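Structure first, then comments.
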């Protein structure tokens, strides 16, 4: 598979290969940038969702506060059988209706946009509460319900709202916002228990005594408030919980605590007339309003955090978009620069290789790079230098060959001149040999003549002294002729030796001359053979002359003796 891919890539053009290779990191950069932008958009959508729902929760907290007061007034009204707080109850109901209208009328589309499935279900339950209030309020006014029913009705509605608000914290992915929402929820729950304490405590102080069950419920509400406020302090940042810490150290808390102690310690058997129902109601209502104000202040601070996160995520989206665009632009620019650089290097190498192929070895190759292109450049440089050396060596060899050929031509001319000289000398030698041959022939004739004369002398010696005397003189002449013939024979022998030597030198020079001296070598060989035959002939003549000389000497001696005898 890998080999198949490599074979495909090797058949592709460089520009396409670079484009494909560059597309991989570019695609990764696009994906990474898209993920970054998507994460920031999701974070912005999440915090926008939290912001939208948090505004709903803020309006719902106002409705909860109004319901807590209505709950206290309704319970007091039912407990007093319509004799206490009857004038304040309609006004509080109007405030509750207005607060609930702000919650439900202004947020009709909230379930379609920002809620989870669980919150949508709870929101649907909350929107049905409006139908319950009209009938329940009529029963309160008619006195057909009791305190337990009042407590259960308002407790259910308030608890449902508080649960919805508490679940809003699940929407946020921001740790700081989530903790702020939880702390704010704990404060609202504390306010809810404070509202219940307001209703139970006011009834007891209006009556001037508490039942055991009432004190138990009152104690439960007080403990629940303390637990929620403790949780609030543990979760809320110190700077955001500062209003509660300041209120906790105020004299109002001491006054409320004194009323609580009075109710718990003397509510059943003692005298609690020092605190009337109106005093406790106003003091506890003021505390409830103060706690609601602290909760609103804290929620304002949470809303600031949400707004800051909204601005941060919005800025992050813009920044990530700009950064992504910049990164993609830089990535494309880098890819283009790298591709152009590699393509330029390869084009320069291709042009240089083409010039080298056309025979231009003076081409200047690009500088080495520490990569495969650099290795290719180094290889081309070595090839160029080696080719240049080979051409220079070939040129030098050709020059040397031409010089050697010129020398051989000059040597051939000299050999030809020398051969001409040798030929001339051989011609003269041949002439001398011819003359020598003539002389030898003459000597031979002379010898023949001597023989004839010797015979004549011998014949004449028998006839007389005169003849002997003539024979003696003839013998003397023959001896002299024999001496001359020996000299001539010696001369012929020396000429033959010189001729043989010249012929040998001529063959050596002809061998040096090569093909040009081949014809001359044949002539030199013939001359050498002629000189050898001349030398042999001279030797034979010398042998014959020596023998003749001996015979002439012998004959001369006989003649001399004959002459002496004749004398």
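Numbering (our numbering), first residue to last: 1209 to 1775.
Glycine residues also receive a C-beta, built at the ideal position from the N, C-alpha and C atoms.
This one's a predicted model, so the numbers in the text were calculated from it and none came from an experiment.
Exposure of residue i, with buried meaning 16 or more beta-carbon neighbours within 10 Å
i            : result
residue 1365 : buried
residue 1369 : buried
residue 1746 : buried
residue 1211 : exposed
residue 1492 : buried
residue 1762 : exposed
residue 1457 : exposed
residue 1248 : buried
residue 1715 : buried
residue 1405 : buried
Supposed close pair residue i, residue j - CB separation, criterion 8 Å
i            : j            : result
residue 1525 : residue 1385 : Actually they are not in contact, since the Cβ atoms of residue 1525 and residue 1385 sit about 18 Å apart, beyond 8 Å.
residue 1697 : residue 1739 : 15 Å between Cβ atoms; not a contact.
residue 1734 : residue 1626 : 18 Å between Cβ atoms; not a contact.
residue 1439 : residue 1383 : Actually they are not in contact, since the Cβ atoms of residue 1439 and residue 1383 sit about 17 Å apart, beyond 8 Å.
residue 1297 : residue 1285 : 6 Å
residue 1399 : residue 1519 : Rounded, the Cβ-Cβ distance is 30 Å, inconsistent with contact.
residue 1388 : residue 1261 : That pair is no contact at about 14 Å.
residue 1480 : residue 1417 : 7 Å
residue 1729 : residue 1719 : 7 Å
residue 1402 : residue 1499 : 6 Å
residue 1409 : residue 1426 : 6 Å
residue 1216 : residue 1521 : That belief does not hold up - the Cβ atoms of residue 1216 and residue 1521 are roughly 46 Å apart, past 8 Å.
residue 1379 : residue 1324 : 7 Å
residue 1694 : residue 1743 : At roughly 16 Å, the Cβ-Cβ gap does not stay under 8 Å, so residue 1694 and residue 1743 are not in contact.
Cα-Cα separation, residue i to residue j
i            : j            : result
residue 1335 : residue 1272 : 14 Å
residue 1275 : residue 1471 : 25 Å
residue 1258 : residue 1291 : 45 Å
residue 1293 : residue 1446 : 39 Å
residue 1643 : residue 1619 : 35 Å
residue 1302 : residue 1508 : 26 Å
residue 1443 : residue 1391 : 6 Å
residue 1411 : residue 1419 : 10 Å
residue 1356 : residue 1496 : 22 Å
residue 1552 : residue 1545 : 10 Å
residue 1648 : residue 1749 : The predicted model places residue 1648 with a pLDDT of 48, which falls under 50 and marks its position as unreliable; any figure quoted below should be read in that light. Straight-line Cα distance between these residues: approximately 8 Å.
residue 1233 : residue 1530 : 19 Å
residue 1344 : residue 1424 : 26 Å
residue 1310 : residue 1267 : 7 Å
residue 1360 : residue 1242 : 53 Å
residue 1448 : residue 1516 : 15 Å
residue 1289 : residue 1415 : 12 Å
residue 1614 : residue 1608 : 10 Å
residue 1655 : residue 1632 : Because the pLDDT at residue 1655 is just 49, under 50, the model does not fix this residue reliably, and the value given afterwards should be weighed accordingly. Going by the C-alpha atoms only, they are around 34 Å apart.
residue 1450 : residue 1240 : 43 Å
residue 1476 : residue 1484 : 15 Å
residue 1283 : residue 1441 : 31 Å
residue 1664 : residue 1726 : 56 Å
residue 1741 : residue 1660 : 29 Å
residue 1306 : residue 1407 : 22 Å
residue 1253 : residue 1505 : 25 Å
residue 1541 : residue 1566 : 36 Å
residue 1354 : residue 1376 : 34 Å
Residue i in three-state terms, based on DSSP
i            : result
residue 1445 : coil
residue 1382 : coil
residue 1354 : coil
residue 1506 : helix
residue 1452 : helix
residue 1572 : coil
residue 1484 : coil
residue 1766 : helix
residue 1436 : helix
residue 1667 : helix
residue 1417 : coil
residue 1702 : helix
residue 1696 : helix
residue 1594 : helix
residue 1255 : helix
residue 1235 : helix
residue 1210 : helix
residue 1392 : helix
residue 1498 : helix
residue 1566 : coil
residue 1648 : With a pLDDT of only 48 at residue 1648, under the threshold of 50, the placement of this residue in the model should not be trusted, and no figure is reported.
residue 1742 : helix
residue 1655 : Residue confidence is low: residue 1655 scores 49 on pLDDT, short of 50, so the model does not pin down where it sits. Its coordinate-derived value is still stated next. Helix.
Any non-hydrogen atom of the ligand HEM within 8 Å of residue i CB
i            : result
residue 1740 : This structure lacks the ligand HEM; in fact it carries no ligand of any kind.
Checklist entry - Which runs of the beta strand (DSSP E), 3 residues or longer, sit entirely within the region 1269–1345? => result none
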